[in-house]
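**Q** Using our numbering, read the sequence shown as starting at 82 and increasing by one per residue. From the three backbone atoms N, C-alpha and C, an ideal C-beta is built for every residue, glycine too.
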Amino acid sequence: MNKVNSTSKSVIQLFIQPVDGNPVSYKLDLKQVSRLVMLLGFAFLILFWGTLFFFRELEKNRKLQEAFLETELKLQLKTLSEPSMLPPLS
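#1: Do three or more CB pairs link the region 111 to 124 to the region 132 to 141 at distances below 8 Å?
#2: In terms of DSSP beta bridges, what is Val92 paired with?
#3: Roughly how many angstroms separate the alpha carbons of Leu158 and Glu147, rounded to a whole number?
#4: Pull up the distance between the alpha-carbon of Lys112 and that of Ile93, whole angstroms please.
#5: Express the C-alpha separation of Phe129 and Lys106 in angstroms, rounding to a whole number.
#6: Just the Cα atoms here: how many angstroms apart are Asn142 and Leu156?
#7: When the distance is taken between beta carbons, is Leu121 closer than 8 Å to Leu109?
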């Protein structure tokens, strides 16, 4: 009984003939290539999400700081516009 090697179906052999020089042969395992492509895709996706979340937090922080400074400015203007409780100097 002959068993067919399942890895032989997932291997591609490339032959490259440069203009000057000896021919070169490469064997590519499609399973390994697909794993590498998936790994690189997941790495890119994680970095993309990380970048989006970073800039979202940066924008939230900017808005929070802006609101805080606006509130602080209003409080300072309010205290400056109120008459002083000190007796007038004579």
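**A** According to the structure shown:
#1: Flag = no, the region 111 to 124 and the region 132 to 141 do not touch.
#2: Within the sequence shown, numbered from 1, the residue matching residue 92 stands at position 11. DSSP output for Val92 lists Asp110 as bridge partner(s).
#3: Residue mapping note: residue 158 aligns to position 77 of the sequence shown, counting from 1. Residue mapping note: residue 147 aligns to position 66 of the sequence shown, counting from 1. Distance between the alpha carbons of Leu158 and Glu147: 16 Å.
#4: Position 31 of the sequence shown, counted from the start, is the residue given in the question as residue 112. Position 12 of the sequence shown, counted from the start, is the residue given in the question as residue 93. Within the model, the alpha-carbon separation for Lys112 versus Ile93 is close to 11 Å.
#5: As a first step, residue 106 is located in the sequence shown; it is residue number 25 there, counting from the start. As a first step, residue 129 is located in the sequence shown; it is residue number 48 there, counting from the start. Inspection of the sequence shows that residue 106 is occupied by Ser rather than by Lys. Each residue's CA atom was taken as its position, placing Ser106 and Phe129 some 36 Å apart.
#6: Here residue 142 refers to the residue found at position 61 when the sequence shown is read from its first residue. Here residue 156 refers to the residue found at position 75 when the sequence shown is read from its first residue. A straight line joining the alpha-carbon of Asn142 with that of Leu156 spans about 21 Å.
#7: Locating residue 109 in the sequence shown gives position 28, where the first residue counts as 1. Locating residue 121 in the sequence shown gives position 40, where the first residue counts as 1. Not closer than 8 Å, so no.
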